[in-house]
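Structure first, commentary second.
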Amino acid sequence: MDALAALGQKTRLEVFRLLVKAGTDGMHAGEIAEALNVRQNTMSANLAVLARAGLIRNEREGRNLRYFADMDGIRGLLAFLMEDCCGGNPTLCQPVLDALACEC
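Residue numbers (our numbering): 3 to 106.
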């Protein structure tokens, strides 16, 4: 799965976590690079990998791109990871699902 490979690199994992924390406000690429002290060209490459993996998305704002965590992609990753959870006994999975639930 591309998402797991994308998150297997430290900087991309940090970007992903930062965008999850940013929520619906998202962040410009330059803000992400500055927050993580990463060169902008390196950040662009990492953002592209995360976008291809379906974990982040972007929206154009004039000449800039604002990046967001892609909640549908995240749900897909979690569903993949929990596909065979608890041997088909949903009551065993409920504590994990409750811990994952957010009010976003």
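Ideal Cβ placement from N, Cα and C applies to all residues, glycine included. Source: prediction; values computed, not measured.
Could you compute how far the alpha carbon of residue i sits from the alpha carbon of residue j?
{"i": "D4", "j": "L80", "result": "13 Å"}
{"i": "N66", "j": "T26", "result": "17 Å"}
{"i": "G75", "j": "G56", "result": "5 Å"}
{"i": "N60", "j": "A71", "result": "9 Å"}
Evaluate residue i with the Cβ neighbour count: other Cβ atoms within 10 Å of its Cβ, from every protein chain shown; 16 or more gives buried, anything less gives exposed.
{"i": "D100", "result": "exposed"}
{"i": "G28", "result": "buried"}
{"i": "L21", "result": "buried"}
{"i": "A185", "result": "With the chain covering 3 to 106 only, the question about residue 185 has no answer from this structure."}
In three-state DSSP terms, what is residue i?
{"i": "M29", "result": "strand"}
{"i": "R68", "result": "strand"}
{"i": "E85", "result": "coil"}
{"i": "R62", "result": "strand"}
**OP:** Answer yes if the segment 37 to 51 comes into contact with the segment 82 to 95, meaning at least three C-beta pairs across the two stretches below 8 Å, and no otherwise.
**Re:** They do not touch, by the three-pair rule.
Original post:
Contact between the segment 79 to 88 and the segment 14 to 31: three or more CB pairs below 8 Å?
Top reply: Counting Cβ pairs under 8 Å, fewer than three are found: no touch.
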